[in-house]
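Residue 45 in our numbering sits at position 44 of the sequence shown, and the numbers go up by one each step. Below you'll find the structure, written out as structure tokens, and then a few comments.
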Amino acid sequence: MTGDHGAATTVANEFAVVTVDKIFTRNGERLEIASPRLGFRIQLDPLELESLSWQTKESLSRFLEDPYGPGH
Numbered sequence: 002m003t004g005d006h007g008a009a010t011t012v013a014n015e016f017a018v019v020t021v022d023k024i025f026t027r028n029g030e031r032l033e034i035a036s037p038r039l040g041f042r043i044q045l046d047p048l049e050l051e052s053l054s055w056q057t058k059e060s061l062s063r064f065l066e067d068p069y070g071p072g073h
């Protein structure tokens, strides 16, 4: 079932729009997070997702130092 998708969910506010979709690959389930406006997407496996819960707000805030992604 490579690349099969579930039902995507959109999360948005005045600053960003992202879609979150559970997908199925040959290597197992992934959560795909996409920024349709900026054209970025990433697929995270369960361990990568769990590791997000280990982070502090400060470590996640560092992502916003480059708010439009790499190369922008």
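Just so it is clear, CB atoms sit at the ideal spot from N, CA and C, and this is done for glycine as well. Predicted, not measured: the structure shown is a model, and the values here were computed from it.
Nearest to residue 34 (by Cα), restricted to the options 44, 64, 28 and 27: Taking the Cα of residue 34 as reference, the smallest distance to any Cα among 44, 64, 28 and 27 is reached at 44.
Inter-residue spacing [alpha-carbon to alpha-carbon] between residue 24 and residue 39: 21 angstroms
Proximity to residue 51 [Cα-Cα], best of 32, 69 and 14: Of the candidates 32, 69 and 14, the residue whose Cα lies closest to the Cα of residue 51 is 32.
Residue(s) in a DSSP beta bridge with residue 42: 35
Rounded C-alpha distance that separates residue 57 from residue 71: 22 angstroms
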